[in-house]
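Enquirer: Just so we're on the same page, my numbering is the position in the sequence shown counted from 1, plus 74. Cβ coordinates follow ideal geometry from the N, Cα and C atoms, glycine included. Predicted, not measured: the structure shown is a model, and the values here were computed from it.
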Amino acid sequence: MPSHLVPPSSSTEPPDLAGGPTAAVPPVPQGSALEVLLAFFKLGLTSFGGPVAHLAYFRTEFVERRRWLSDPDYSDLVALCQFLPGPASSQVGAALGLLRAGWRGALAAWAGFTLPSAVLLVLFALGVTQWAVQGASGALHGLKVAAVAVVAQAVLGMARSLCPDRLRAGLAVAAALLVLGLPGTWGQLAAIALGGVVGWRVLNVGPLAPAQHRGYGVSRRAGAVLLALFALLLAALLLWASVADSMVASAMAVFYQAGALVFGGGHVVLPLLQAGVVPPGWVGNDAFLAGYGAAQAVPGPLFTYAAYLGAVMPHPLGGWGGAALMLATIFVPALLLVAGALPFWEVLRQRPAVQRAVGGVNAAMVGILGAALYDPVWTSAVHSRTDFALALAAFGLLVHARWSPVWVVGLAAMAGWWLGR
75 MPSHLVPPSS STEPPDLAGG PTAAVPPVPQ GSALEVLLAF FKLGLTSFGG PVAHLAYFRT
135 EFVERRRWLS DPDYSDLVAL CQFLPGPASS QVGAALGLLR AGWRGALAAW AGFTLPSAVL
195 LVLFALGVTQ WAVQGASGAL HGLKVAAVAV VAQAVLGMAR SLCPDRLRAG LAVAAALLVL
255 GLPGTWGQLA AIALGGVVGW RVLNVGPLAP AQHRGYGVSR RAGAVLLALF ALLLAALLLW
315 ASVADSMVAS AMAVFYQAGA LVFGGGHVVL PLLQAGVVPP GWVGNDAFLA GYGAAQAVPG
375 PLFTYAAYLG AVMPHPLGGW GGAALMLATI FVPALLLVAG ALPFWEVLRQ RPAVQRAVGG
435 VNAAMVGILG AALYDPVWTS AVHSRTDFAL ALAAFGLLVH ARWSPVWVVG LAAMAGWWLG
495 R
């Protein structure tokens, strides 16, 4: 076996969280940031299908073809990123870049995988604002209807995997009712807290098998600093937004909070962002859903939707500057979390209380997304029998015909344009 595939020797005893002599020795990076950037840029241009598909592309590219790490190492890394809030595929990519080329490799992986879709969405946003057709264009209405089908597919798939028993299904229903009864960010945060507490106290999950770990170039002391920085930024932005009469401060708090609190990534970020940017009037609901529909037609992580929102927001945000700021703000917590958690992962994931709490939070997120499927996605897009028929056809193509979202979204936009002539 090639030397770079052999994990470092490790004891069967749990590692010392304080970073004592048992701490894993970080490996020496074996590649260049340019190599990482080019590898992830190719994936950023071609990886359609959402986070699960992205993880499959990563495995093919970095385990089978490039052999940057072994299959068990990759599976363990995926388990960590599924456990953390934030966009799982982007976190896995950043960790792979960190493994291959250190901190510059982590930034290169994020940039290569993220920027292609972000640039496309900003170009779309600039076209939307320039031509002022958010509510009138038939094609954009088709994108909004396509968003109904995409979110419905996400709710169905997440419910099957994250709500396998009556308790978690009940948690999802309770979370949906709570969000519908208490609209806005506070209702969603209350639903997340409810899921975590009930899961921690009541949920029964099976134990995880321990796995050996390789180092990722992050010591436990550095990991603790990164996790502290994550929490400090969250508290500081929320405080700044509460005391300052600043749209920039409020927007950064909303986007950082979304990146820091969303379990499941992707579609689950929709309700948190909608509650943060639509009620204050920063983004119209039609523009919000049109951009969400367009985000389904581009490759890469769905969190790049933040770039679209930043581009369509009013002054002092808007344009390329607003897009860059909101894109960075929503991804920073995810990157801090994954880099900070890597040295501690094996100990944390073995704790039953953590497993139970995360199971409850995941079930609550299904309910939150289900509530968002009704309001604002359904209520803003489906106004007639024709709209319902188009949404149903798009859902059938996604779920039963298993068409790629890019084709379904494109066809929905064309159908919307034709019907709106």
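1) Could you have a look at M387 and say whether DSSP puts it in helix, strand or coil?
2) May I have the straight-line CA-CA distance separating G160 from H341, to the nearest angstrom?
3) So is P407 buried or exposed if we call it buried at 16+ other beta carbons inside 10 Å?
4) Which of the three DSSP states is assigned to S458 in this structure?
5) So, at 6 Å on beta carbons, what are the nonlocal neighbours of V386 in its own chain, with the 5 sequence-adjacent residues on each side left out?
6) In angstroms, rounded to a whole number, what distance separates the CA positions of M439 and V137?
7) Output the distance between the C-alpha atoms of A437 and S235, rounded to the nearest integer angstrom.
8) In terms of residues, what are the limits of the alpha helix (DSSP H) holding E109?
9) For L277, I'd like the list of residues in its chain whose CB is within less than 6 Å of its CB, leaving aside the five on either flank, ordered along the chain.
10) So, L442 versus V253, is the Cβ gap smaller than 7 Å?
11) Give a yes or no on whether the C-beta atoms belonging to V473 and Q227 are separated by under 7 Å.
12) Under 8 Å, with one C-beta from each stretch per pair, do the region 345 to 356 and the region 309 to 326 reach the 3-pair mark?
13) Rank L108, C155, V152 by C-alpha distance to the C-alpha of L181 and give the top, closest one.
14) Are the CB atoms of V222 and W452 within a distance shorter than 7 Å?
15) Within the chosen definition, does the region 364 to 382 reach the region 260 to 272 through at least 3 CB pairs nearer than 8 Å?
16) If you measure between the beta carbons of S106 and A175, is that distance less than 7 Å?
17) Since I believe S144 is in contact with F405 (beta carbons under 8 Å), could you give me their beta-carbon distance rounded to a whole number of angstroms?
18) Assuming E135 and L117 make a contact with CB atoms under 8 Å, what is their CB distance in whole Å?
19) A162: which of L471, S458, V343 sits nearest, CA to CA?
20) Apart from the five residues just before and just after G484, which ones in its own chain have a Cβ nearer than 7 Å to its Cβ?
21) For V152, tell me which candidate among G212, G270, L170 has the shortest Cα-Cα distance.
22) Taking the alpha-carbon positions, what's the V456 to L308 distance?
23) Classify L22 as helix, strand or coil using the three-state DSSP reduction.
24) Less than 7 Å separating the beta-carbons of A468 and V482?
25) Classify A53 as helix, strand or coil using the three-state DSSP reduction.
26) Taking the alpha-carbon of V271 as reference, which of L245, L399, T403, G186 has the nearest alpha-carbon?
27) Hey, is W177's beta-carbon within less than 7 Å of any beta-carbon in chain B?
28) Have a look at L312 and L306 and give me their C-alpha separation to the nearest angstrom.
29) Just reading off the alpha helix (DSSP H) that S293 is part of, what are its end residues?
30) Can you tell me whether T460 is buried or exposed? The criterion is at least 16 other CB atoms within 10 Å of its CB, across all chains shown.
31) For the alpha helix (DSSP H) containing P417, name the first residue and the last one.
32) Just mark A389 as buried or exposed, buried being the case when its beta carbon has 16 or more other beta carbons within 10 Å.
33) What do you get for V317, buried or exposed, if any count of 16 or more other CB atoms within 10 angstroms of its CB means buried?
Expert: In terms of the structure at hand:
1) Taking the sequence shown and counting its residues from 1, one reaches residue 387 at position 313. Taken through DSSP and simplified to helix, strand or coil, M387 comes out as coil.
2) For the purposes of this step, residue 160 is identified with residue 86 of the sequence shown, where counting begins at 1. For the purposes of this step, residue 341 is identified with residue 267 of the sequence shown, where counting begins at 1. Cα to Cα, G160 sits roughly 11 Å from H341.
3) By 1-based counting over the sequence shown, the position of residue 407 is 333. P407 is classed as buried because its beta carbon has at least 16 other beta carbons within 10 Å across all chains shown.
4) On the sequence shown, residue 458 is found 384 positions in, with the first residue counted as 1. Three-state DSSP puts S458 in coil, outside helix and strand.
5) In the sequence shown, counting from the first residue as 1, residue 386 sits at position 312. Excluding sequence neighbours, V386 sits near A199, T203, V357, A361.
6) On the sequence shown, residue 439 is found 365 positions in, with the first residue counted as 1. On the sequence shown, residue 137 is found 63 positions in, with the first residue counted as 1. One C-alpha to the other measures close to 31 Å.
7) Walking along the sequence shown from the start, residue 437 turns up at place 363. Walking along the sequence shown from the start, residue 235 turns up at place 161. Roughly 9 Å between the two C-alpha positions.
8) Position 35 of the sequence shown, counting from 1, holds the residue named residue 109. Note, E109: alpha helix (DSSP H), 107 to 120.
9) Sequence index remark: in the sequence shown, residue 277 carries index 203 (1-based). Answer for L277: R430, G433, G434, listed in chain order.
10) For the purposes of this step, residue 442 is identified with residue 368 of the sequence shown, where counting begins at 1. For the purposes of this step, residue 253 is identified with residue 179 of the sequence shown, where counting begins at 1. Here residue 442 turns out to be Ile, not Leu, going by the sequence shown. Going by C-beta atoms, I442 is nearer than 7 Å to V253.
11) For the purposes of this step, residue 473 is taken as residue 399 along the sequence shown, with counting starting at 1. For the purposes of this step, residue 227 is taken as residue 153 along the sequence shown, with counting starting at 1. Their beta carbons are under 7 Å apart, which means V473 touches Q227 by this criterion.
12) yes
13) Here the question's residue 181 lines up with position 107 in the sequence shown. The shortest Cα separation from L181 among L108, C155, V152 belongs to L108.
14) The sequence position of residue 452 within the sequence shown is 378, counting from 1. The sequence position of residue 222 within the sequence shown is 148, counting from 1. Yes, the pair counts as a contact, with Cβ atoms nearer than the cut-off.
15) no
16) Taking the sequence shown and counting its residues from 1, the one referred to as residue 106 is at position 32. Taking the sequence shown and counting its residues from 1, the one referred to as residue 175 is at position 101. Yes; because the gap between Cβ atoms is below 7 Å, this pair is in contact.
17) Your numbering for residue 405 matches position 331 in the sequence shown. Your numbering for residue 144 matches position 70 in the sequence shown. No, F405 and S144 are not in contact; Cβ-Cβ is about 27 Å, not under 8 Å.
18) By 1-based counting over the sequence shown, the position of residue 135 is 61. By 1-based counting over the sequence shown, the position of residue 117 is 43. About 7 Å separates the beta carbons of E135 and L117, which is inside the 8 Å limit, making them a contact pair.
19) Walking along the sequence shown from the start, residue 162 turns up at place 88. A check of alpha carbon separations from A162 across L471, S458, V343 identifies V343 as the nearest.
20) Here residue 484 corresponds to residue number 410 of the sequence shown, with the count starting at 1. Closer than 7 Å at Cβ, skipping near neighbours: A371.
21) Counting from 1 along the sequence shown, the entry for residue 152 is found at position 78. Per the Cα distances, L170.
22) What you label residue 456 is simply residue 382 of the sequence shown in a count that begins at 1. What you label residue 308 is simply residue 234 of the sequence shown in a count that begins at 1. A direct Cα-Cα distance of roughly 36 Å separates V456 from L308.
23) Beyond the ends of the chain as shown, which are 75 and 495, falls residue 22; an answer cannot be given.
24) Residue 468 sits at position 394 when you count from the first residue of the sequence shown. Residue 482 sits at position 408 when you count from the first residue of the sequence shown. Closer than 7 Å, so yes.
25) Only positions 75 to 495 of the chain appear in the structure, and residue 53 is not among them; the question remains open.
26) Looking up residue 271 in the sequence shown gives position 197. Answer by Cα proximity: L245.
27) No chain B is present in this structure, which holds just one protein chain.
28) As a first step, residue 312 must be located in the sequence shown, where it is residue number 238. As a first step, residue 306 must be located in the sequence shown, where it is residue number 232. Whole-angstrom Cα-Cα distance: 10 Å.
29) Residue numbering aside, residue 293 sits at position 219 when the sequence shown is read from its first letter. That residue, S293, is in no alpha helix (DSSP H); it is neither H nor E in DSSP.
30) As a first step, residue 460 is located in the sequence shown; it is residue number 386 there, counting from the start. Counting Cβ neighbours within 10 Å, T460 comes out exposed, since fewer than 16 surround it.
31) Here residue 417 corresponds to residue number 343 of the sequence shown, with the count starting at 1. It is not in any alpha helix (DSSP H) - P417 carries neither H nor E in the DSSP assignment.
32) Position 315 of the sequence shown holds residue 389. Checking the displayed sequence, the identity of residue 389 turns out to be His instead of Ala. With fewer than 16 Cβ atoms within 10 Å of its Cβ, H389 is classed as exposed.
33) In the sequence shown, the residue the question calls residue 317 occupies position 243. Exposed, by the Cβ-count rule.
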